[in-house]
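Chemist: Below you will find the structure I want to go over with you.
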Amino acid sequence: MKPAPVKIQTSAGGVVYRFTPKGPEVALVAVKGGKVWTLPKGTVDKGERLEQTAMREVAEETGLEAELADRLGEITYWYYLSEEKARCKKTVHFYLMRYIRGNTVDHDREVDAARWFPIEEALKATTYKGDREMLEKAKEMLKRKLKGAAGGGHGENP
Ligand code: ATP
0 MKPAPVKIQT SAGGVVYRFT PKGPEVALVA VKGGKVWTLP KGTVDKGERL EQTAMREVAE
60 ETGLEAELAD RLGEITYWYY LSEEKARCKK TVHFYLMRYI RGNTVDHDRE VDAARWFPIE
120 EALKATTYKG DREMLEKAKE MLKRKLKGAA GGGHGENP
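The opening residue of the sequence shown carries number 0 in numbering that gives the first Met the number 0; numbering runs sequentially from there.
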């Protein structure tokens, strides 16, 4: 029997953060009937830069406007596309993004829900290992930003 063909897909997404008096919060979206909490992301359109895709998908899926803060890295996973009888290798590029304005009630219908989580709760709520890897990285970067703020440097005020 011939092996299933392999399809390559590229997506981009983000960890949107905001500082609250209780600590940093990040936005997650629920999919699969609300059972799976994951990071907002989506397919890169033709001619689009990864950063543009990440900003667009985050805005659509979470209802939040955010600006790019840092590159987080990428994750790769495999899944089976049953309609095409192909194995799909997907790479998702993630960015850390600072929340500007907007409300998660304005999420689009691609997702079942969108909401803010304290970062530690987001780490527990997410289903996928790759999402947790990105959230751990974001957590470390946010710690550094807070330290910078406390030291009077270029950090951000909570
Ligand atoms: P996109 O949002 O990039 O346009 P999509 O909604 O078409 O993509 P995915 O979210 O990649 O598709 O989901 C395809 C399959 O991969 C699903 O079975 C899903 O459970 C699984 N999947 C999604 N995200 C991850 C992840 N971070 N790690 C492992 N498997 C994942």
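Glycine included, C-beta positions come from ideal geometry on N, C-alpha and C.
The structure presented is a predicted model; accordingly, all values stated were derived computationally and were not measured.
According to DSSP, is V43 helix, strand or coil?
Modeler: Start at 1 with the first residue of the sequence shown, and residue 43 comes out as number 44. Looking at V43 - three-state DSSP - the assignment turns out to be coil, as it is neither helix nor strand.
Chemist: Pop quiz: T75 and A11 are said to be a contact at Cβ under 8 Å. What is the actual Cβ separation, rounded to whole angstroms?
Modeler: Numbered from its first residue, the sequence shown carries residue 75 at position 76. Numbered from its first residue, the sequence shown carries residue 11 at position 12. Not really, about 13 Å apart at Cβ, beyond 8 Å.
Chemist: Per DSSP, E66 is paired with what?
Modeler: Numbered from its first residue, the sequence shown carries residue 66 at position 67. Per DSSP, R97.
Chemist: Under 7 Å from any heavy atom of ligand 1, does the C-beta of S81 make it?
Modeler: Here residue 81 refers to the residue found at position 82 when the sequence shown is read from its first residue. Not so, every heavy atom of ligand 1 lies at least 7 Å from the Cβ.
Chemist: For the candidate residues V28, R131, L67, G129, whose alpha-carbon lies nearest to that of R108?
Modeler: Locating residue 108 in the sequence shown gives position 109, where the first residue counts as 1. Cα-wise, what sits closest to R108 is V28.
Chemist: Take the Cβ of E119 as the centre, count every other Cβ of all protein chains shown within 10 Å, and call the residue buried at 16 or more, exposed below.
Modeler: Here residue 119 corresponds to residue number 120 of the sequence shown, with the count starting at 1. Classification for E119: exposed.
Chemist: Would you identify the three-state DSSP class for E155, choosing helix, strand or coil?
Modeler: Your numbering for residue 155 matches position 156 in the sequence shown. The answer is coil: DSSP assigns E155 none of H, G, I, E or B.
Chemist: What separation, rounded to the nearest whole angstrom, lies between the Cα atoms of G46 and L145?
Modeler: Residue numbering aside, residue 46 sits at position 47 when the sequence shown is read from its first letter. Residue numbering aside, residue 145 sits at position 146 when the sequence shown is read from its first letter. Going from the Cα of G46 to the Cα of L145 covers about 36 Å.
Chemist: Do you know whose CA, among V110, K136, E132, lies nearest K34's CA?
Modeler: Counting from one through the sequence shown, the residue named residue 34 turns up at place 35. Checked all of V110, K136, E132; the closest Cα to K34 is V110.
Chemist: Identify the continuous beta strand (DSSP E) that holds T9 and give its terminal residues.
Modeler: Position 10 of the sequence shown holds residue 9. Taken as a continuous stretch (DSSP letters only), the beta strand (DSSP E) holding T9 covers 5 to 19.
Chemist: Mind checking G13: buried by the 16 CB within 10 Å criterion, or exposed?
Modeler: Taking the sequence shown and counting its residues from 1, the one referred to as residue 13 is at position 14. Buried is the call here.
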